[in-house]
Amino acid sequence: MNIRYFAWVRERVGVEEETIDVPASVATVADLISHLKSLDDNHAAAFEEEDAIRVALDQMHVEPDAILGDASEVAFFPPMTGG
Amino acid sequence: MNIRYFAWVRERVGVEEETIDVPASVATVADLISHLKSLDDNHAAAFEEEDAIRVALDQMHVEPDAILGDASEVAFFPPMTGG
Amino acid sequence: MTVTPLVRVQAEDFDAKAEAERLTGGRKDVGALVSFTGLCRDEAGTLEALELEHYPGMAEAELTRIAQDATARWPLTGLTVIHRYGKIPPGDNIVLVVAASSHRRAAFEAADFLMDYLKTKAPFWKKEHFAETGKTSWVEAKDGDDKDAARWT
Amino acid sequence: MTVTPLVRVQAEDFDAKAEAERLTGGRKDVGALVSFTGLCRDEAGTLEALELEHYPGMAEAELTRIAQDATARWPLTGLTVIHRYGKIPPGDNIVLVVAASSHRRAAFEAADFLMDYLKTKAPFWKKEHFAETGKTSWVEAKDGDDKDAARWT
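Which chain is which? The protein sequence lines are A, B, C and D, in order.
Throughout the first sequence, residue numbering follows my numbering, covering 879 to 961 in sequence.
Throughout the second sequence, residue numbering follows my numbering, covering 879 to 961 in sequence.
Throughout the third sequence, residue numbering follows my numbering, covering 22 to 174 in sequence.
Throughout the fourth sequence, residue numbering follows my numbering, covering 22 to 174 in sequence.
Structure, rendered in C-alpha cells:
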C-alpha cells in the first residue's frame with residue numbers, strides 16, 4: 879500500500895512517501911495507524927497525537943474507522959491550515 | 879425654505895428645487911407635506927402616496943414627525959434604489 | 022485607531038484593481054481583502070441603460086456615515102466605497118466596496134454590511150431606459166433590501 | 022444549470038482583475054461580483070516567508086468538490102478558486118476566490134462559504150520561516166476555523 883505524509887507528519891516520519899506491506903489483520907485506517915506506530919520510533923512519534931492526524935483515502939477525507947478496502951493511496955497529515 | 883425633489887417625486891412636482899415661504903403653523907415635516915399638497919395638482923400628485931416618500935433635513939434622513947427647526951434644506955424622494 | 026474610509030461619488034468608471042492595491046500596497050498587516058462590484062444587469066436583453074440619479078452632497082455624506090459605521094464595528098485596515106451616477110449600460114460597473122482587514126470575517130462582514138446599508142440609505146435612484154420602446158421606468162425598492170439591512174441591527 | 026468552477030493550484034501569483042474579468046466580460050447577467058484575496062501577513066515584522074505545502078492532486082480535487090458544493094447551493098454565474106503553494110513573502114497573495122451572481126447575497130455567501138470550507142478541508146499546510154533566527158514553525162489550525170465552517174451546515 880502506498881502511504882504519503884505531509885507537513886509535520888512527514889517531517890516526523892522522515893519520508894514523503896513509502897510503500898508498505900500491510901498485514902491481513904489491518905482492515906481500517908485506525909488499524910493501519912496502529913501498525914505504522916509499531917514499525918519504528920519515527921512512525922511512533924509521528925502518530926503520537928493520534929487525534930491531531932487527518933487521513934485521506936485515495937485523496938478523499940475519511941475518519942479513522944474507514945475501511946481501507948482496495949484504496950491504493952493513504953495519506954496522513956495534520957489539520958489543514960491553507961487559505 | 880429651500881426644497882429639493884429627486885427621482886419620480888421630482889418628475890411629478892415638475893421642478894428639481896424651489897424656495898417657498900412656509901406659514902408659521904408648519905412645524906414638522908408632516909406639516910410641510912400637507913402644506914405642499916395644498917399648493918397645486920403637481921404637488922398633490924407627488925405626495926399622493928405619502929408612505930412612499932422619504933425625507934432628508936439638511937442631508938440627513940428624518941421621519942415625518944421631525945421638527946423643521948432652522949433647517950435650510952428639505953429634500954423629498956422615493957425609497958433609495960442605489961447599489 | 023479606526024481607519025478613514027475613502028468615499029467617492031463619480032460619473033467615471035472605477036478600477037477595482039487600483040483600489041485594492043491602494044489598500045494593500047506596501048503593507049504587511051492586511052490578511053484579507055474583500056471586494057464587491059455591483060454591475061448593471063440585463064437578463065431580458067431589453068435595457069439600453071440604467072440612469073442613476075443621486076443627491077449631490079448627501080450621497081457622499083451618507084456613504085461616509087455608513088462607511089464610518091463599518092470602521093467602528095469591524096477592525097478594518099482600510100475601506101473604500103465608490104458609487105457611480107449617470108447613464109450606465111448593461112455589463113458596466115455601478116458600485117465598488119473594498120474592505121481590508123487582518124482577518125477575513127471582518128472584511129467579509131464589513132463589505133456585506135456596507136452594501137446592505139448603501140442599498141437602503143444612500144440617496145441614489147435607478148431609472149431603466151428600454152432600448153426598443155424608448156420607455157423609461159423607475160426601479161422600485163425591494164422589501165428584501167430592508168430585511169437585509171435589518172440583519173445588522 | 023450550474024456553472025463549472027475554475028480551480029487552480031499554482032506556485033505563480035494570480036491576477037485578481039483578470040480573474041474578475043473572466044467572469045464578467047461580455048455578459049449582461051452578472052449583477053454582483055465578490056472577490057476575496059487572502060494575503061501573507063506579518064504584523065510582528067519577524068516573518069521571512071510562509072511556506073505552503075500541499076497535497077498535489079488532492080488539493081485540486083478537494084477545492085473542486087468545495088466549489089461544486091457552492092455552485093449547487095447558490096445560483097452563481099461563475100466561480101473561481103486559485104490557491105498558491107511554495108514560499109510566499111509577507112504582503113503577497115495566497116488565495117483568491119471570485120464569485121459572480123445575478124444577486125449580491127448569493128455572491129457574498131458563496132465566497133464566504135468557500136473560504137470557510139477551504140480553510141478546514143483543502144490539503145494545504147503553512148510553515149512560518151522567521152527572518153532573524155532562521156527558525157521554522159508549522160502554523161496550527163484554529164478552532165475558530167471549524168466554527169466558521171460549521172455555520173454552513
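Where a beta carbon is used, it is the ideal one built from N, C-alpha and C, also for glycine.
query: Within the 8 Å Cβ cut-off, does L135 of chain C reach chain D?; result: no
query: How big is the Cα-Cα spacing for I87 of chain D and D936 of chain A?; result: 17 Å
query: By how many angstroms is the C-alpha of Y76 of chain D removed from the C-alpha of K108 of chain D?; result: 15 Å
query: H939 of chain B lies in the beta strand (DSSP E); which residues open and close that run?; result: M938 to V940
query: Taking only beta carbons into account, state which residues of the stretch 67-83 of chain C come closer than 9 Å to chain B, listed in chain order.; result: L73, E74, H75, Y76, G78, M79, A80, A82 and E83
query: Assuming L54 of chain D contacts N114 of chain D under a Cβ cut-off of 8 Å, what Cβ separation, rounded to an integer in Å, is found between them?; result: That pair is no contact at about 18 Å.
query: For the stretch 84-114 of chain D, which residues have a CB atom closer than 7 Å to at least one CB atom of chain A, in sequence order?; result: H104
query: Taking only beta carbons into account, state which residues of the stretch 48-65 of chain C come closer than 9 Å to chain B, listed in chain order.; result: G59
query: Within this structure, are the beta carbons of P96 of chain C and S56 of chain C separated by less than 8 Å?; result: no
query: For a test of the three-state rule: what should DSSP assign to G165 of chain D, helix, strand or coil?; result: helix
query: Chain D beta carbons: is any one of them nearer than 8 Å to that of S158 of chain C?; result: no
query: Quick check on E894 of chain A: does DSSP put it in helix, strand or coil?; result: coil
query: Distance check for S916 of chain B and A905 of chain B, CA to CA, integer angstroms please.; result: 16 Å
query: Considering just the uninterrupted stretch of the alpha helix (DSSP H) at T92 of chain C, what are its terminal residues?; result: M79 to R94
query: Nearest chain A C-beta to A143 of chain D closer than 8 Å, yes or no?; result: yes
query: Closest by CA to A91 of chain C, which one among C:H124, C:E130 and C:A82?; result: C:E130
query: Determine, for V28 of chain D, whether the minimum Cβ-Cβ distance to residues of chain A falls below 8 Å.; result: no
query: Give the secondary structure of E64 of chain D by DSSP, where H, G and I count as helix, E and B as strand, and everything else as coil.; result: coil
query: Quick one: list the residues of chain C neighbouring M958 of chain B, beta-carbon separation under 8 Å, in chain order.; result: K140, T141, K142, A143, P144, F145, W146 and A162
query: So with CB distances below 7 Å, who are the chain C contacts of D34 of chain D?; result: Here the premise fails: no neighbours, minimum Cβ distance about 13 Å.
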